[in-house]
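**Q**
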Amino acid sequence: MKTAENYSKLPDDFKSFEAEVKVASPGRINLIGEHTDYNNGFVMPAAIDKKIHFKFRRNNTKNLGRIYSETFNAYVEFNLQKVTKSTNSWENYLLGVIDEIQKLGKQLQGFDCIMKSELPIGAGISSSAALECGFAGGLNSLFNLDLAEMEIVKLSQRAENNFVGSNCGIMDQFASVMSKKDHFIKLDCESLEATFIPAKIQHCKLLLLNTNVAHNLADSEYNTRRQECENAVAVIQQKYTAVKSLRQVTFKILEEFKKEIGAAGFKRCLYVLEENERVHKTEKALRNGDLETIGKLMYASHRGLQHQYEVSCPELDFLVDFSEEKPFIYGSRMMGGGFGGCTINLIEADKIDAYFEEVKKVYQEKFDITPTAITVVPDEGTQITR
Ligand code: GAF
Numbered sequence: 001m002k003t004a005e006n007y008s009k010l011p012d013d014f015k016s017f018e019a020e021v022k023v024a025s026p027g028r029i030n031l032i033g034e035h036t037d038y039n040n041g042f043v044m045p046a047a048i049d050k051k052i053h054f055k056f057r058r059n060n061t062k063n064l065g066r067i068y069s070e071t072f073n074a075y076v077e078f079n080l081q082k083v084t085k086s087t088n089s090w091e092n093y094l095l096g097v098i099d100e101i102q103k104l105g106k107q108l109q110g111f112d113c114i115m116k117s118e119l120p121i122g123a124g125i126s127s128s129a130a131l132e133c134g135f136a137g138g139l140n141s142l143f144n145l146d147l148a149e150m151e152i153v154k155l156s157q158r159a160e161n162n163f164v165g166s167n168c169g170i171m172d173q174f175a176s177v178m179s180k181k182d183h184f185i186k187l188d189c190e191s192l193e194a195t196f197i198p199a200k201i202q203h204c205k206l207l208l209l210n211t212n213v214a215h216n217l218a219d220s221e222y223n224t225r226r227q228e229c230e231n232a233v234a235v236i237q238q239k240y241t242a243v244k245s246l247r248q249v250t251f252k253i254l255e256e257f258k259k260e261i262g263a264a265g266f267k268r269c270l271y272v273l274e275e276n277e278r279v280h281k282t283e284k285a286l287r288n289g290d291l292e293t294i295g296k297l298m299y300a301s302h303r304g305l306q307h308q309y310e311v312s313c314p315e316l317d318f319l320v321d322f323s324e325e326k327p328f329i330y331g332s333r334m335m336g337g338g339f340g341g342c343t344i345n346l347i348e349a350d351k352i353d354a355y356f357e358e359v360k361k362v363y364q365e366k367f368d369i370t371p372t373a374i375t376v377v378p379d380e381g382t383q384i385t386r
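Residue numbers (full-length UniProt numbering): 1 to 386.
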């Protein structure tokens with residue numbers, strides 16, 4: 001594998017790159033339903049108007065993959081028949097996709113790819129799913145692999161689980177591929193049934209405030225939370241054999257096992273059950289144009305993530321606490337896996353600039369870090385042009 005360190009010079013033939021396939025692959029937001037996807041629960045994400053852009057062409061070799069990331073100014077090449085883990089983390093998302101495509105018995109040939117990202121990394125807007133799904137979609141189109149969208153979603157998730165080693169659920173990949181412009185998806189992560197709900201947020205906008213911290217607990221704690229939920233399910237299953245995940249667990253059943261599950265496990269599970277209910281309530285409120293209720297549910301979601309699921313951090317809590325004092329912000333919560341990244345805020349559009357100046361100042365004073373702001377709009381999933 002040649003990485004940016006030992007192969008910094010881009011091959012001359014990359015300087016005039018005529019793309020056969022172009023892909024725009026979006027990041028995602030999640031209005032509500034956090035840490036519920038891998039518990040077979042409900043989520044409410046949407047792809048956004050910020051993307052990773054890919055260009056692909058065949059290079060008339062059998063096995064040579066060549067990729068240039070404009071964002072990292074890094075060039076890599078590898079043998080498609082010898083895909084092994086790289087020390088460059090961004091490459092592993094792509095190599096994992098190649099591995100999963102080949103495991104399906106699909107035939108790839110040599111190709112070149114250039115990519116450029118508008119997505120901040122570690123911000124909780126899933127640049128990883130955008131990378132996997134956009135890359136998989138591009139190769140699918142370039143080599144006519146005949147993979148359906150849902151296969152792209154699932155193989156991208158497997159790439160992250162098996163190759164990258166993160167035990168993520170399906171929300172991010174599903175949102176990045178399947179979203180519809182101006183809609184949220186209410187996704188049932190058990191049946192994978194998706195309901196598209198118009199994102200009618202009236203005079204408001206969705207503002208992401210990036211804490212610009214990514215605490216390194218994130219990966220290990222994510223996997224621990226997943227394990228805690230699975231352990232609780234294993235205990236409940238001993239009596240209720242039909243229970244396959246927290247999805248089949250009611251508040252009553254959970255209460256019955258409070259002692260056996262233990263205080264921490266009980267808190268985690270209670271959060272998941274309550275968060276699923278909040279997703280249903282948010283759907284209703286969204287359809288009724290009831291921003292007040294959506295906002296309250298967002299705050300409740302954050303408090304659950306902070307105190308029961310314990311995946312927040314002081315920087316996220318500070319931003320949510322600060323917004324709660326503002327009448328022009330309906331709701332605010334941490335988004336994604338936690339331990340850093342962004343808050344999502346439902347805020348009156350004409351207040352954004354002044355609010356950001358204010359919050360930037362106090363956040364800087366407290367943490368000595370400059371936050372960043374991005375406004376996003378729910379957008380179409382992966383766009384592929386030939
Ligand atoms: C990360 C994961 F990738 C998702 O699958 C989901 O679990 C999310 O954290 C938490 O809701 O983005």
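Heads up, the beta-carbon is just placed ideally off N, CA and C, and yes, glycines get one too. On a predicted model such as this, the values are computed, not experimentally measured, just so you know.
Measure the Cβ-Cβ separation of PHE54 and SER25 and say whether it is below 8 Å.
**A** The residue you call residue 54 lines up with position 54 of the sequence shown. The residue you call residue 25 lines up with position 25 of the sequence shown. It is a contact, given that the beta carbons lie within the stated cut-off.
**Q** Leaving out five residues before and five after residue 387 in sequence, what residues of the same chain have Cβ atoms less than 6 Å from its Cβ?
**A** For the chain, the structure presents residues 1 to 386; residue 387 sits outside this window and is missing.
**Q** Need the endpoints of the alpha helix (DSSP H) that THR282 sits in, please.
**A** The sequence position of residue 282 within the sequence shown is 282, counting from 1. First-last of the alpha helix (DSSP H) with THR282: 263 to 287.
**Q** May I have the straight-line CA-CA distance separating LEU10 from ASN162, to the nearest angstrom?
**A** As a working note, residue 10 is residue 10 in the sequence shown. As a working note, residue 162 is residue 162 in the sequence shown. LEU10 and ASN162: Cα-Cα distance of roughly 30 Å.
**Q** Starting from VAL233, trace the alpha helix (DSSP H) both ways and give me its first and last residue.
**A** Along the sequence shown, one-based indexing puts residue 233 at 233. Here the alpha helix (DSSP H) through VAL233 covers 218 to 237.
**Q** Rounding to the nearest angstrom, what Cα-Cα distance links LEU187 and ASP112 in this structure?
**A** In the sequence shown, residue 187 corresponds to position 187, counting from 1. In the sequence shown, residue 112 corresponds to position 112, counting from 1. Going by the C-alpha atoms only, they are around 35 Å apart.
**Q** Quick check on this structure: which residue in GLY381, GLY105, ASP353 has the alpha carbon closest to the alpha carbon of THR372?
**A** One-based indexing of the sequence shown puts residue 372 at position 372. Taking only the C-alpha atoms, the option nearest THR372 is ASP353.
**Q** Which two residues bound the contiguous alpha helix (DSSP H) that contains ARG247?
**A** Walking along the sequence shown from the start, residue 247 turns up at place 247. That residue, ARG247, is in no alpha helix (DSSP H); it is neither H nor E in DSSP.
**Q** Suppose the cutoff is 8 Å on Cβ atoms and the five residues either side in sequence are ignored; what does the same chain contact list for ILE98 look like?
**A** Counted from its first residue, the sequence shown places residue 98 at position 98. Cβ neighbours of ILE98 beyond the five flanking positions: GLY65, LEU80, VAL83, LEU108, LEU139.
**Q** Any idea if THR87 is buried or exposed, counting beta-carbon neighbours within 10 angstroms, 16 or more meaning buried?
**A** Translated into positions along the sequence shown, residue 87 becomes position 87. Classification for THR87: exposed.
**Q** So, with DSSP's three-state summary, where would you put ARG303?
**A** In the sequence shown, residue 303 corresponds to position 303, counting from 1. In this structure, ARG303 counts as helix in the three-state DSSP scheme.
**Q** In this structure, does DSSP put CYS133 in helix, strand or coil?
**A** Here residue 133 refers to the residue found at position 133 of the sequence shown. Helix, per DSSP.
**Q** Under 7 Å: does the beta carbon of ASP219 sit that close to some heavy atom of the ligand GAF?
**A** Mapped onto the sequence shown, residue 219 falls at position 219. Checking every heavy atom of the ligand GAF against the Cβ of ASP219, none is found closer than 7 Å.
**Q** Taking only the alpha-carbon atoms, compute the straight-line gap between THR61 and PHE78 and give it to the nearest angstrom.
**A** In the sequence shown, the residue the question calls residue 61 occupies position 61. In the sequence shown, the residue the question calls residue 78 occupies position 78. Taking the straight line joining both Cα atoms gives about 12 Å.
**Q** Along the beta strand (DSSP E) that carries PRO45, what are the first and last residues, could you check?
**A** The sequence position of residue 45 within the sequence shown is 45, counting from 1. From DSSP, the beta strand (DSSP E) with PRO45 extends over 45 to 58.
**Q** Among PRO198, SER126, LEU131, GLY165, which one has its Cα closest to the Cα of MET171?
**A** If you number the sequence shown from 1, residue 171 lands on position 171. Cα-wise, what sits closest to MET171 is SER126.
**Q** How about HIS35: is its Cβ closer than 7 Å to a heavy atom in the ligand GAF?
**A** Taking the sequence shown and counting its residues from 1, one reaches residue 35 at position 35. Yes, Cβ of HIS35 sits closer than 7 Å to a heavy atom of the ligand GAF.
**Q** What residues match up with VAL21 in a beta bridge as DSSP calls it?
**A** Indexing the sequence shown from 1 puts residue 21 at position 21. Beta-bridge pairing links VAL21 to PHE56.
**Q** According to DSSP, what are the bridge partners of VAL376?
**A** Translated into positions along the sequence shown, residue 376 becomes position 376. Answer is LEU206.
**Q** Locate the beta strand (DSSP E) running through PRO198, then write down its first and last residues.
**A** Reading the sequence shown from its first residue, position 198 is the one you call residue 198. Element bounds for PRO198: 194 to 198.
**Q** If you check the beta carbons only, do MET178 and GLY381 fall under 8 Å apart?
**A** By 1-based counting over the sequence shown, the position of residue 178 is 178. By 1-based counting over the sequence shown, the position of residue 381 is 381. Yes.
**Q** Compare the beta carbon distance of ALA194 and ALA46 with 8 Å and say whether it is the shorter of the two.
**A** Here the question's residue 194 lines up with position 194 in the sequence shown. Here the question's residue 46 lines up with position 46 in the sequence shown. Taking 8 Å as the Cβ cut-off, ALA194 and ALA46 do not qualify as a contacting pair.
**Q** From the DSSP output, in three-state form, read off PRO314 for me.
**A** The sequence position of residue 314 within the sequence shown is 314, counting from 1. Three-state result, PRO314: helix.
**Q** Counting only beta-carbon atoms, is LYS106 nearer than 8 Å to chain C?
**A** Looking for chain C here will not work: only one protein chain is present.
**Q** Taking MET115 as part of the beta strand (DSSP E), name the residues at either end of that continuous run.
**A** Counting from one through the sequence shown, the residue named residue 115 turns up at place 115. Segment 111 to 117, the beta strand (DSSP E) holding MET115.
**Q** Is any heavy atom in the ligand GAF found nearer than 7 Å to the beta carbon of SER323?
**A** The residue you call residue 323 lines up with position 323 of the sequence shown. No, the ligand GAF has no heavy atom inside 7 Å of this Cβ.
**Q** Does the region 277 to 285 come into contact with the region 67 to 78, if we say contact requires no fewer than three beta-carbon pairs (one atom in each stretch) closer than 8 Å?
**A** Because the criterion of three Cβ pairs below 8 Å is not met, the region 277 to 285 and the region 67 to 78 do not touch.
**Q** Drop a sphere of 10 angstroms on the beta-carbon of GLY165, count the other beta-carbons inside from all chains shown, and report buried for 16 or more, exposed for fewer.
**A** As a working note, residue 165 is residue 165 in the sequence shown. By the neighbour-count rule (16 or more Cβ atoms within 10 Å), GLY165 is not buried but exposed.
**Q** Is it the case that the CB of CYS229 approaches a heavy atom of the ligand GAF more closely than 7 Å?
**A** In the sequence shown, residue 229 corresponds to position 229, counting from 1. It does not: the Cβ of CYS229 is nowhere closer than 7 Å to a heavy atom of the ligand GAF.
**Q** Is the region 317 to 328 in contact with the region 352 to 367, if contact means three or more CB pairs nearer than 8 Å?
**A** Yes: the two stretches touch, three or more of their Cβ pairs being nearer than 8 Å.
**Q** SER141 to SER156, Cα distance in whole Å?
**A** Locating residue 141 in the sequence shown gives position 141, counting from the first residue. Locating residue 156 in the sequence shown gives position 156, counting from the first residue. So the two alpha carbons sit approximately 15 Å from each other.
**Q** Are the CB atoms of HIS215 and CYS313 nearer to each other than 8 Å?
**A** In the sequence shown, counting from the first residue as 1, residue 215 sits at position 215. In the sequence shown, counting from the first residue as 1, residue 313 sits at position 313. Yes, these two residues count as a Cβ contact at 8 Å.
**Q** Using the Cβ count rule (16 or more neighbours within 10 Å means buried), how would you classify PRO378?
**A** Numbered from 1 along the sequence shown, position 378 holds the residue referred to as residue 378. So PRO378 counts as buried.
**Q** Taking its Cβ as the centre, do 16 or more other Cβ atoms sit within 10 Å of ALA123, making it buried, or is it exposed?
**A** Residue numbering aside, residue 123 sits at position 123 when the sequence shown is read from its first letter. It is buried - the Cβ of ALA123 has at least 16 other Cβ atoms within 10 Å.
**Q** Among the residues of its own chain, which have a CB less than 7 Å from the CB of ARG226, if the five just before and after it don't count?
**A** Within the sequence shown, numbered from 1, the residue matching residue 226 stands at position 226. The residues are TYR38, ASN167.
**Q** Please work out which residues of its chain come closer than 6 Å, Cβ to Cβ, to GLU160, disregarding the five sequence neighbours upstream and downstream, and give them in chain order.
**A** For the purposes of this step, residue 160 is taken as the residue at position 160 of the sequence shown. Contacts found: SER166, CYS168.
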